[in-house]
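This report concerns only the one structure given below.
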Amino acid sequence: MKIATFNINGVKARFETLTGWLAEASPDVVLLQEIKSTDDSFPRAEIEDLGYSVATHGQKGFNGVAILSKLPLEDISCGLPGDDDDPQARWIEATVVGTRAVRLCCLYLPNGNPAPGPKYDYKLAWMDRLRARAAELIAAEDVALMAGDYNVIPQPEDAARPEAWEKDALFLPETRAAFRRIVNLGFTEAFRAVEPGPGHYSFWDYQRGAWDRNDGIRIDHFLLTPQCADLMRGCWIESALRGREKPSDHVPVWVEIDA
DNA sequence: ATGCCTCCCCGAGGGAGA
Numbered sequence: 002m003k004i005a006t007f008n009i010n011g012v013k014a015r016f017e018t019l020t021g022w023l024a025e026a027s028p029d030v031v032l033l034q035e036i037k038s039t040d041d042s043f044p045r046a047e048i049e050d051l052g053y054s055v056a057t058h059g060q061k062g063f064n065g066v067a068i069l070s071k072l073p074l075e076d077i078s079c080g081l082p083g084d085d086d087d088p089q090a091r092w093i094e095a096t097v098v099g100t101r102a103v104r105l106c107c108l109y110l111p112n113g114n115p116a117p118g119p120k121y122d123y124k125l126a127w128m129d130r131l132r133a134r135a136a137e138l139i140a141a142e143d144v145a146l147m148a149g150d151y152n153v154i155p156q157p158e159d160a161a162r163p164e165a166w167e168k169d170a171l172f173l174p175e176t177r178a179a180f181r182r183i184v185n186l187g188f189t190e191a192f193r194a195v196e197p198g199p200g201h202y203s204f205w206d207y208q209r210g211a212w213d214r215n216d217g218i219r220i221d222h223f224l225l226t227p228q229c230a231d232l233m234r235g236c237w238i239e240s241a242l243r244g245r246e247k248p249s250d251h252v253p254v255w256v257e258i259d260a
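End of the first sequence sits at 260 in my numbering; the numbers just go up one at a time, nothing left out.
Structure below.
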């Protein structure tokens, strides 16, 4: 089973980018972030016509997450637990059953800038809620993963110019510590399990020719429970998509698992 | 760098992103 996470930066603005990629890359599961669409305005029928089941958790204007799957999506749940008053659509989870059941959690973690400030407070509070849900997944001992746009640069080698991010909410020590606390519950950060070296990024800013200068950061991650990590066959970043026509500022990150 | 692009809201110009 090949699973990709992809911050699409607007599903309507990027419709041809998305559908062309689906037809060509043929992922079994896609975890989408920043659909910037309500559930009603998501191009559900067009994507179903390509052979996918669709589950969305959208909102008007920004944020929004979705799961696409060639297998039926079961037990869909929207919204990260822990704050019923949080209006931002950043979390959706569902189960697919291939040769075994896989719990899929799709997340769009808050950016948090400027830091310090209320947006950074929201980011850290959201990460606390994420840790609570993550602990439940570990305790369940199921095949499960949490993937998406974490808006976290875990280590200096995950940025082309780490010095430029020192005061940024994506790279502040408190952000990185909160990310580590989650990973240290027992998750495998899939990409780092297979590729320890520098120079691998998943986001390049539209401005200042960041792609042409390879001035990127790695902020889209897969966290696998131990039972899921046992099944991992590979993990890679599809960076070439950033150089295509009308790209998102993020590229897909892939995991293949034996399931 | 104090966001130089690009999205969304709508139908001008501002918020948000990272």
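Cβ coordinates follow ideal geometry from the N, Cα and C atoms, glycine included.
Just how far apart, CA to CA, sit residue i and residue j?
i: Glu75; j: Glu94; result: 9 angstroms
i: Glu257; j: Trp237; result: 9 angstroms
i: Val184; j: Leu33; result: 21 angstroms
i: His58; j: Leu108; result: 11 angstroms
i: Ala136; j: Thr39; result: 30 angstroms
i: Glu49; j: Leu105; result: 19 angstroms
i: Tyr53; j: Arg45; result: 9 angstroms
i: Ala161; j: Gly200; result: 7 angstroms
i: Ala126; j: Glu175; result: 12 angstroms
i: Leu110; j: Arg219; result: 14 angstroms
i: Ala102; j: Pro88; result: 30 angstroms
So the candidates are the options; which of them puts its Cα closest to the Cα of residue i?
i: Asn215; options: Asp221, Leu225, Phe223, Ser203; result: Ser203
i: Asn10; options: Asp41, Glu35, Met2; result: Glu35
i: Val66; options: Tyr121, Gly21, Gly113, Tyr151; result: Tyr151
i: Ala241; options: Glu158, Phe180, Asp250; result: Asp250
i: Pro115; options: Trp255, Phe223, Leu171; result: Leu171
i: Asp143; options: Gln228, Leu81, Thr6; result: Gln228
i: Ala24; options: Asn8, Glu47, Lys3, Leu51; result: Leu51
Is residue i buried or exposed, if buried means 16 or more other CB atoms sit within 10 Å of its CB?
i: Lys61; result: exposed
i: Pro28; result: buried
i: Lys13; result: exposed
i: Arg193; result: buried
i: Asp221; result: buried
i: Gly113; result: buried
i: Thr100; result: exposed
i: Gly198; result: exposed
i: Val254; result: buried
i: Asp206; result: exposed
i: Asp159; result: buried
i: Gly118; result: exposed
If the criterion is Cβ atoms closer than 7 angstroms, does the pair residue i and residue j meet it?
i: Ser70; j: Val97; result: yes
i: Leu224; j: Ala260; result: no
i: Gly210; j: Ala133; result: no
i: Val252; j: Arg245; result: no
i: Leu186; j: Arg130; result: no
i: Thr6; j: Ala148; result: yes
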